[in-house]
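Each remark here refers to the structure printed beneath this line.
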Amino acid sequence: MSLLEIRNLKKHFPVGEGWFSRGKGAVKAVDGVDLTIEEGETLGLVGESGCGKSTLGRTILRLIEPTSGEINFLGKNLLSLSQRDLRTARRDMQIIFQDPYASLNPRMRVGDIVGEGLEIHKLAKGKAKRDRVMELLHQVGLRDDHYDRYPHEFSGGQRQRIGIARALAVNPKFIVCDEPVSSLDVSIQAQIINLLQELQEKLRLTYLFISHDLRVVEHISHRVAIMYLGKVVEIAKSDTIYRDAKHPYTRALLSAVPIPDMSKKKERVVLEGDVPSPVNPPPGCTFHPRCAYREAACSQTVPPLEFSADGHGVSCHVFGPGKRP
Amino acid sequence: MKAEAALASTAPARSHSPWRNYWRQFRQNGLGLCGFAISALITALAIFAPVIAPYDPIQVNADKIFEARSWSHWLGTDELGRDFLSRLIHGARISFFVGIVAVAFKTVVGTFIGLVTGYFEGVVDSLLMRCLDVLYAFPRTLLALLILAVVGPSIPALIFVIGLGGIPQFARIVRGAVLSAKQNEYIVAARSLGATSTRILWRYLLPNVLAPILILSSLSLARAITAEAGLSFLGLGVDPTLPTWGGMLRAGSPYLRLHPHLAVFPGLLIMLAVLGFNAMGDAIRDILDPRMLNRVRGGRTT
Numbered sequence: 005m006s007l008l009e010i011r012n013l014k015k016h017f018p019v020g021e022g023w024f025s026r027g028k029g030a031v032k033a034v035d036g037v038d039l040t041i042e043e044g045e046t047l048g049l050v051g052e053s054g055c056g057k058s059t060l061g062r063t064i065l066r067l068i069e070p071t072s073g074e075i076n077f078l079g080k081n082l083l084s085l086s087q088r089d090l091r092t093a094r095r096d097m098q099i100i101f102q103d104p105y106a107s108l109n110p111r112m113r114v115g116d117i118v119g120e121g122l123e124i125h126k127l128a129k130g131k132a133k134r135d136r137v138m139e140l141l142h143q144v145g146l147r148d149d150h151y152d153r154y155p156h157e158f159s160g161g162q163r164q165r166i167g168i169a170r171a172l173a174v175n176p177k178f179i180v181c182d183e184p185v186s187s188l189d190v191s192i193q194a195q196i197i198n199l200l201q202e203l204q205e206k207l208r209l210t211y212l213f214i215s216h217d218l219r220v221v222e223h224i225s226h227r228v229a230i231m232y233l234g235k236v237v238e239i240a241k242s243d244t245i246y247r248d249a250k251h252p253y254t255r256a257l258l259s260a261v262p263i264p265d266m267s268k269k270k271e272r273v274v275l276e277g278d279v280p281s282p283v284n285p286p287p288g289c290t291f292h293p294r295c296a297y298r299e300a301a302c303s304q305t306v307p308p309l310e311f312s313a314d315g316h317g318v319s320c321h322v323f324g325p326g327k328r329p
Numbered sequence: 250m251k252a253e254a255a256l257a258s259t260a261p262a263r264s265h266s267p268w269r270n271y272w273r274q275f276r277q278n279g280l281g282l283c284g285f286a287i288s289a290l291i292t293a294l295a296i297f298a299p300v301i302a303p304y305d306p307i308q309v310n311a312d313k314i315f316e317a318r319s320w321s322h323w324l325g326t327d328e329l330g331r332d333f334l335s336r337l338i339h340g341a342r343i344s345f346f347v348g349i350v351a352v353a354f355k356t357v358v359g360t361f362i363g364l365v366t367g368y369f370e371g372v373v374d375s376l377l378m379r380c381l382d383v384l385y386a387f388p389r390t391l392l393a394l395l396i397l398a399v400v401g402p403s404i405p406a407l408i409f410v411i412g413l414g415g416i417p418q419f420a421r422i423v424r425g426a427v428l429s430a431k432q433n434e435y436i437v438a439a440r441s442l443g444a445t446s447t448r449i450l451w452r453y454l455l456p457n458v459l460a461p462i463l464i465l466s467s468l469s470l471a472r473a474i475t476a477e478a479g480l481s482f483l484g485l486g487v488d489p490t491l492p493t494w495g496g497m498l499r500a501g502s503p504y505l506r507l508h509p510h511l512a513v514f515p516g517l518l519i520m521l522a523v524l525g526f527n528a529m530g531d532a533i534r535d536i537l538d539p540r541m542l543n544r545v546r547g548g549r550t551t
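Going line by line, the protein sequences match chains A and B. Per our numbering, the very first residue in the first sequence carries number 5; after that it's consecutive. Per our numbering, the very first residue in the second sequence carries number 250; after that it's consecutive.
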């Protein structure tokens with residue numbers, strides 16, 4: 005059985021609701037997503053800003069309450085849990101944030117930040133807690149004497165390590181990495197990525213790795229899901245996506261990745277227009293107004309995410325499995 | 250190696266809480282320090298009044314009415330022959346006690362309402378805040394007069410009345426601070442660790458809104474002292490035999506032409522106390538204000 009199974013997950017944020025005005029609609033940040041994540045794998049989640057990838061990550065952890073859908077995690081439906089049971093369940097699922105400056109409480113010492121989970125779940129106290137925190141600090145490459153410092157005394161990369169140690173404290177099985185390296189320098193990015201991979205091997209962690217950086221995702225992920233306007237449009241093994249992308253949106257995204265080799269000329273697919281508003285997404289395939297290959301059906305019906313035999317899923321009327329090559 | 254050793258030796262000294270920085274800045278703020286000194290002096294006066302005051306402040310001496318300054322009575326005596334200096338010193342006590350308790354009352358209640366409404370939002374928030382709006386719209390003095398007229402003047406009533414008017418202000422400011430503080434990602438991090446709402450409110454949000462609370466309560470202490478003085482002046486304060494600055498101002502005012510010091514000294518003390526607490530409050534605000542903080546931080550990192 006998979007570690008995590010998401011069925012038709014939706015999160016709509018109401019817009020313009022007030023006491024005297026009726027709702028004017030909703031931002032469909034996540035609009036019917038199906039995903040499965042196997043134990044020990046890293047699923048990369050890619051998309052432009054505003055496509056709902058962070059919302060999806062947080063909705064899976066119920067940090068944002070979903071509008072509808074189903075989340076099965078370790079055989080339990082997370083959405084049926086009471087607040088109390090949910091707090092207990094949080095031991096198994098954690099999150100690492102994008103901005104290491106905003107995600108650490110400036111008024112708490114590093115030792116207290118990392119030890120917070122131990123205290124909340126009453127896992128360790130006093131000396132045992134201190135020892136465990138020290139162990140965690142070592143695990144993420146920090147030193148003993150960092151224990152009593154405050155977050156403002158650290159660099160971005162070190163702060164991100166503190167955030168990782170905090171997430172690891174409760175021995176989670178699953179971690180949502182919400183753009184964990186996007187705000188770091190490239191040299192530091194590599195360190196953090198390596199640390200995450202090392203920890204995954206050692207602790208058998210499962211990651212949902214959210215990013216808009218395709219190269220980073222290619223490096224760390226086993227499988228990659230591409231999101232557009234609240235929907236997953238393509239999902240496949242990492243090398244398949246990069247070698248044999250089907251969906252026109254995926255191909256456009258990939259063509260935008262710079263290649264550090266001047267001799268290689270490549271075909272650049274430039275999309276016309278902007279991302280449509282998620283309040284009023286286009287009918288049918290949400291990508292069709294910008295798609296160069298659109299057909300009549302595209303503006304009529306929503307293409308389902310269909311899988312080929314090797315687990316390559318595409319949501320497209322034109323390039324879906326069993327259609328055009 | 251050498252650099253590492255240097256780093257290691259400076260490391261422990263660099264590890265300090267933000268509050269120590271604030272104190273360092275406070276020491277450099279001249280006016281704030283003055284205010285702090287005045288406030289401390291008045292606090293000491295209030296606490297040690299029975300030890301400092303040379304006479305019993307309510308002891309009436311019919312044969313010593315309106316006595317001039319002398320070595321035995323440094324500031325003379327009042328219209329009932331009571332030692333004026335002793336009354337002034339004891340006056341600090343009641344004015345101060347009423348002020349402090351009233352401020353504590355509105356701080357605690359206002360902060361609690363602000364925290365709860367800001368954190369949970371929703372229906373409770375709307376209802377409570379609208380009730381406080383009504384309270385806020387009422388002129389404070391009128392409200393105080395109304396309540397004191399009904400329940401009669403007494404120290405607890407005075408404290409309640411002075412504190413009540415300030416609750417909406419506290420609740421609004423704390424609510425606003427909570428609304429912005431709870432957007433911080435470390436609050437989401439705490440929730441994802443499984444922290445309860447109580448823990449988040451107590452351990453994360455309260456320390457975050459402590460700065461505005463501290464500023465507001467130090468500023469409103471001055472206001473509470475004037476409110477007490479004003480109500481006592483109108484005869485709605487405490488028992489007139491007990492010395493309070495407002496009450497003494499009222500008692501001394503008929504004799505303003507012949508014995509001006511009877512009204513002037515309590516007035517001066519009220520002014521000094523208000524000035525002191527305001528200066529201290531201003532200094533605290535300058536230091537804790539996030540924009541100031543950024544300026545200082547920016548200065549340090551470059």
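All residues carry an ideal CB built from backbone N, CA and C; glycine is no exception. Remember, predicted model here, so these are calculated numbers, not experimental data.
- Message: I need the DSSP call for P18/A, collapsed to helix, strand or coil.
- Response: Residue state, collapsed to three classes: strand.
- Item | H322/B, buried or exposed, once every other Cβ within 10 Å from all chains shown has been counted against 16 | buried
- Item | Chain-order list of residues whose beta-carbon lies under 6 Å from that of V298/A (same chain, five-residue window excluded) | For the record, residue 298/A in the displayed sequence is Arg; it is not Val. Residues H292 of the same chain have their beta carbon placed closer than 6 Å to that of R298/A, with the five preceding and five following residues left out of the count.
- Message: Could you tell me the alpha carbon to alpha carbon distance between S312/A and E42/A, rounded to whole angstroms?
- Response: 18 Å
- Task: Could you tell me which residues DSSP pairs with Q98/A in its beta bridges?
- Result: I179/A
- Task: Would you grab the beta carbon distance between G121/A and L442/B for me? Rounded to a whole angstrom, and I think it's under 8 Å.
- Result: 4 Å
- Would you give the residue range spanned by the beta strand (DSSP E) that F213/A belongs to? T210 to S215
- Message: Less than 7 Å between C-beta atoms, sequence neighbours within five positions excluded: which residues of the same chain meet that for I291/B?
- Response: A341, F345, A522 and G525
- Quick one: what's got a C-beta closer than 7 Å to R263/B's C-beta in the same chain, skipping five residues either side? The predicted position of R263/B is uncertain, since its pLDDT is 49 and thus under 50; a value taken from the coordinates is nonetheless stated next. Within the same chain, R263/B has no close Cβ partners at all.
- What are the complete beta strand (DSSP E) segments, minimum 3 residues, inside the segment 38-117 of chain A? 46-50, 72-77 and 97-100
- Query: Skipping 5 residues on each side, what residues in its chain have a beta carbon closer than 7 Å to that of H156/A?
  - Reply: P110
- Query: Exposed or buried, D314/A, counting other C-beta atoms within 10 Å across all chains shown (16 or more means buried)?
  - Reply: Per the 10 Å Cβ criterion, exposed.
- Message: Against Q143/A, what residues of chain B qualify as contacts under a CB-to-CB distance less than 7 Å, listed in chain order?
- Response: Simply none; closest approach about 17 Å.
- Task: Rank S467/B, G284/B and I307/B by C-alpha distance to the C-alpha of A351/B and give the top, closest one.
- Result: Nearest C-alpha to A351/B: S467/B.
- Item | For M378/B, the first and last residue of its enclosing beta strand (DSSP E) | No beta strand (DSSP E) holds M378/B; the alpha helix (DSSP H) holding it covers G371 to A386.
- Query: Is E222/A near S191/A, with beta carbons less than 8 Å apart?
  - Reply: With a cutoff of 8 Å on beta-carbon distance, E222/A and S191/A are scored as not near each other.
- Select from A295/B, L280/B and Q274/B the residue whose C-alpha is nearest the C-alpha of T493/B. A295/B
- DSSP state of A30/A mapped onto helix, strand, coil: strand
- Task: Indicate whether at least one CB of chain B lies closer than 8 Å to the CB of A128/A.
- Result: no
- Establish whether the CB of G367/B and some CB of chain A are separated by less than 8 Å. no
- Message: Strictly below 9 Å CB to CB, what residues from chain B border V174/A?
- Response: Neighbourhood of V174/A in chain B, by CB distance below 9 Å: L442 and G443, in chain order.
- Item | Any chain B beta carbon closer than 8 Å to I75/A | Using a Cβ-Cβ cut-off of 8 Å, I75/A does not count as an interface residue toward chain B, since no Cβ of chain B sits closer than that to its own.
- From the DSSP output, in three-state form, read off L13/A for me. strand
- Length of the line joining the Cα atoms of V261/A and S53/A: 16 Å
- Message: For a contact defined as C-beta to C-beta under 8 Å, what are the partners of A106/A on chain B?
- Response: N433, E434 and Y435
- Task: Taking N284/A as the query, report the chain B residues whose CB atoms sit under 7 Å from its CB, ordered along the chain.
- Result: Residues of chain B passing the Cβ test: none, with the nearest at roughly 27 Å.
- Query: Mind pulling the chain A residues with CB within less than 8 Å of P456/B?
  - Reply: R111
- Item | Span of the alpha helix (DSSP H), counted from its first residue to its last, around M520/B | H510 to L537
- Item | Chain-ordered neighbours of Y385/B on chain A, where CB pairs are closer than 7 Å | The contacting residues do not exist; Y385/B stays about 20 Å from chain A at best.
- beta strand (DSSP E) containing M231/A: first to last residue? R227 to Y232
- Rounded to whole angstroms, what's the CA-CA distance from I343/B to E328/B? Just pull it up for me. Straight through space, the alpha carbons of E328/B and I343/B are spaced by roughly 21 Å.
- Message: With H, G and I counted as helix, E and B as strand and the rest as coil, what does DSSP make of L553/B?
- Response: Any answer about residue 553/B is impossible in this case: the structure gives chain B only from 250 up to 551.
- Pick from R66/A, Q143/A and P184/A: whose alpha carbon is nearest that of N175/A? Q143/A
- Interface partners of A439/B on chain A, CB under 9 Å: N109, E120 and I124
- Message: Using 8 Å for Cβ pairs, my map puts V34/A next to L8/A. What's the rounded Cβ distance?
- Response: So it is not a contact: roughly 15 Å between Cβ atoms.
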